[in-house]
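Participant:
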Ligand code: PLP
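Residue numbers (the UniProt record's numbering): 107 to 516.
1) Is any heavy atom in the ligand PLP found nearer than 7 Å to the beta carbon of residue 196?
2) Starting from residue 266, trace the beta strand (DSSP E) in both directions and tell me its first and last residue.
3) Is any heavy atom of the ligand PLP found at a distance shorter than 7 Å from the C-beta of residue 243?
4) To the nearest angstrom, report how far apart residue 268 and residue 292 are at their CA atoms.
5) Beta-carbon distances below 6 Å to any heavy atom of the ligand COA define the shell here; list its residues in chain order, please.
6) Tell me, which residues are paired with residue 237 by DSSP?
7) Classify residue 353: buried if its beta carbon has 16 or more other beta carbons within 10 angstroms, exposed otherwise.
8) Any contact of the stretch 157-176 with the stretch 390-399, i.e. 3+ C-beta pairs under 8 Å?
9) Which partner residues of residue 343 appear in the DSSP bridge assignment?
10) Is it buried or exposed for residue 198, if we count other Cβ within 10 angstroms and need 16 for buried?
11) Between the beta-carbon of residue 365 and the beta-carbon of residue 209, is there less than 8 Å?
12) When you compare only the Cα positions, how much space is there between residue 170 and residue 380?
13) Just reading off the beta strand (DSSP E) that residue 490 is part of, what are its end residues?
14) Should the stretch 170-183 be called in touch with the stretch 483-499, which here means at least 3 C-beta pairs below 8 Å?
15) Nearest CA to the CA of residue 377: which residue from 343, 233, 323?
16) Do residue 284 and residue 309 have their C-beta atoms closer together than 8 Å?
17) Answer with buried or exposed for residue 319, where buried requires no fewer than 16 other C-beta atoms within 10 angstroms of its C-beta.
18) Here's the rule I'm using: 16 or more other beta-carbon atoms within 10 Å means buried, otherwise exposed. How should residue 237 be labelled?
19) Counting only the same chain and skipping the five closest in sequence on each side, list residues whose C-beta sits under 6 Å from that of residue 392.
20) Between the beta-carbon of residue 215 and the beta-carbon of residue 360, is there less than 8 Å?
21) Count the other CB atoms, across all protein chains shown, that sit within 10 Å of the CB of residue 373; report buried if there are 16 or more and exposed otherwise.
22) Note down the Cα distance separating residue 471 from residue 160, rounded to an integer number of angstroms.
23) Consult DSSP for residue 442 and reduce its assignment to one of helix, strand or coil.
24) Below 8 Å between beta carbons: does that hold for residue 532 and residue 475?
25) Measuring CB atoms only, is the stretch 247-257 touching the stretch 225-239, in the sense that at least three cross pairs come out at less than 8 Å?
26) Among the residues of its own chain, which have a CB less than 7 Å from the CB of residue 330, if the five just before and after it don't count?
27) Specify, as a first and last residue, the run of the alpha helix (DSSP H) that residue 481 falls within.
28) Can you tell me which of 200, 511, 477, 390 puts its alpha carbon nearest to the alpha carbon of residue 218?
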């Protein structure tokens with residue numbers, strides 16, 4: 107039917123004007139178009155373990171099968187008692203202080219809870235410190251909530267740890283909170299105790315709430331220990347996020363949680379806001395909540411992947427060495443998660459636009475990576491690789507990348 111000249115045009119809300127979420131952005135759309143044409147695309151862009159052959163422990167599946175008939179109704183808005191009890195125990199194992207059952211919320215992934223917290227905390231123009239590079243949902247949710255994300259630099263020269271001086275220089279009277287992502291996506295960094303203590307000290311000095319996204323806390327390599335920043339800040343309001351998407355390879359089930367800890371007496375009103383938004387979404391997916399207890403308390407199959415001989419560990423060794431042997435590429439060794447964030451020598455390749463770089467690689471070699479700008483990184487000199495595919499696949503990709511770069515000039 108022809109459009110009538112008077113018919114109105116439906117535009118997206120202007121609230122979305124400054125929202126960026128490039129992990130599933132234009133380059134991914136172009137890859138989907140090529141796939142529809144019948145081309146095979148090598149996807150190094152999604153942090154979704156199951157399609158790459160990583161399995162959750164059988165007992166988790168069995169448990170859900172067993173519990174499914176009991177999960178037909180809504181649960182308590184915060185979540186099932188059994189799930190929150192198990193998360194409480196997990197918080198105790200991580201030495202997170204002053205947690206009670208009412209301070210634990212399950213969500214449809216950490217994603218939902220990030221959005222909920224940003225909506226509940228930020229007034230128009232309130233500032234929140236977010237790392238660059240970041241997992242872009244944080245910036246997107248802060249923006250959508252009317253807040254102003256202010257990015258502090260993580261320093262590649264110091265293993266991608268937050269640059270404390272930069273962080274402090276960006277604090278203003280409107281800064282309400284700071285976010286850390288530890289272990290980090292996209293850099294794979296893991297923050298040591300000294301760095302976390304300095305961040306706490308800074309938050310203490312400037313009266314900031316701490317949000318810590320720890321969804322990769324059970325994917326730590328090289329015998330290192332993950333420390334929850336909340337365990338170092340009993341006197342500050344802290345929110346710790348984690349879930350089963352990555353540690354149990356069940357990103358599709360949608361289950362995550364957040365834990366309020368430390369001194370929440372100064373955040374009572376914020377908690378009322380959280381409660382209201384939590385009630386409004388009724389509850390998170392109940393079948394997925396029903397397996398939290400078994401998943402957290404049972405066999406941790408992820409441990410076999412992150413030790414020498416395990417897939418994630420060996421793939422990390424491979425990708426780190428392969429990238430660093432390519433002329434014009436350097437990369438810091440990731441300590442955790444399954445991402446690497448290499449640097450490209452932009453002068454050598456004359457790169458000024460990282461989206462174009464990602465598109466050119468896609469068109470010429472059918473390899474899909476995510477540009478650094480997708481993680482709110484300000485320069486066109488980085489990209490992210492997800493090293494979940496097997497070494498045979500990664501090595502084909504690295505051969506192609508090297509060949510591509512040998513003649514590439516933008
Ligand atoms: N936080 C980080 C740092 C992530 O990398 C991801 C997913 O990639 C999420 C949160 C979202 O996880 P969920 O599946 O729990 O929503």
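Ideal placement from N, C-alpha and C gives every residue a C-beta, glycine not left out.
Facilitator: By the coordinates alone:
1) no
2) First-last for residue 266: undefined, no H or E at that position.
3) yes
4) 13 Å
5) The ligand COA is absent from the structure shown, which contains only the ligand PLP.
6) 258
7) buried
8) yes
9) 368
10) exposed
11) yes
12) 28 Å
13) 489-492
14) no
15) 343
16) yes
17) buried
18) buried
19) 177, 181
20) yes
21) buried
22) 26 Å
23) strand
24) Residue 532 lies beyond the range of the chain shown here (107 to 516); nothing can be said about it.
25) yes
26) 296, 441
27) Residue 481 -> no alpha helix (DSSP H), and no H or E assigned at all.
28) 390
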